[in-house]
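Residue numbers (this note's numbering): 2 to 128.
We put the CB at the ideal spot given by N, CA and C, even for glycine.
Fair warning: this is a prediction, and the values are worked out from it, not measured in the lab.
Before any comments, here is the structure.
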């Protein structure tokens, strides 16, 4: 069956039908429905999460009435523990020892390390 020629528009070109324009009403409707559905799902999930976290409903959340946070574990006199900690750190800073014996990494006193670094910098400047 021969096709009938389309009527030319004012510019002299044949009119494009809906099929030729690239716009498909069914695809647009499905896309719009998917977007609306996604938005409704997100709103429902947010509402459900809010309801669960309300103090009156759900599991109550962290600030529900009648709940108390656990008291922090505080020391009655932290000074001796702090002094022992600082003494241990001072001993490490001012002594020799192995960090990793297998790889040959050792610890030296900070004063000795600073002296060695100063000597190394002075010899490099002389070169």
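Measuring C-alpha to C-alpha distances from residue 95 to each of 109, 120 and 70 identifies 109 as the nearest. DSSP places residue 100 within a strand segment (E or B) once states are collapsed to three. Approximately 7 Å separates the beta-carbon atoms of residue 107 and residue 98; this is inside 8 Å, confirming the contact.
Beta-carbon to beta-carbon, residue 76 and residue 82 are separated by about 7 Å, close enough to satisfy the 8 Å threshold. Under DSSP, the beta-bridge partners assigned to residue 107 are 99. The three-state reading of DSSP puts residue 74 in coil, since its state is none of H, G, I, E or B. In the three-state scheme derived from DSSP, where H, G and I count as helix and E and B as strand, residue 81 is classed as helix.
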